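Shown next, in structure tokens, is the structure this report addresses.
In this note's numbering, the protein residues as written are 1 to 103.
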């Protein structure tokens, strides 16, 4: 299984390089693949009644790293628009409540 996982990672990396992805995007995709693989391995280990604490720890670290990387990434146009829309909705709600309180 370990050999298959390594091969799958290399196939994905090769595919992403062919798509001219930058190294950061490639690393993110490889991390997601590793998370999927670990999740399946943990399930198999648990079903077999074996301890999977090392894999669970590695999985938690990878998920934490993804969160950190996403926080560091600059927002996309969609995320900027979404934030602006939420701000406008919040301001509109406050205005409505203020008007209700004044009347």
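Glycine is no exception: its CB is placed at the ideal position from the N, C-alpha and C atoms.
Nothing here was measured: the structure is a model prediction, and the numbers come from that model.
In this structure, DSSP gives residue 73 a state outside helix and strand, which the three-state scheme calls coil.
Per the Cβ contact rule, the stretch 81-91 is not in contact with the stretch 41-49 (fewer than 3 Cβ pairs under 8 Å). In this structure, DSSP gives residue 4 a helical state, which the three-state scheme calls helix. Taking 8 Å as the cut-off, the Cβ atoms of residue 35 and residue 62 count as close. One Cα belongs to residue 66, the other to residue 28, and the distance between them is close to 7 Å.
With respect to residue 39, residue 59 sits close: the two C-beta atoms are nearer than 8 Å. Between residue 52 and residue 26, the alpha-carbon positions lie close to 27 Å from each other. Inside the stretch 8-69, DSSP marks whole alpha helix (DSSP H) runs of 4 or more residues at positions 23-47, from first to last along the chain.
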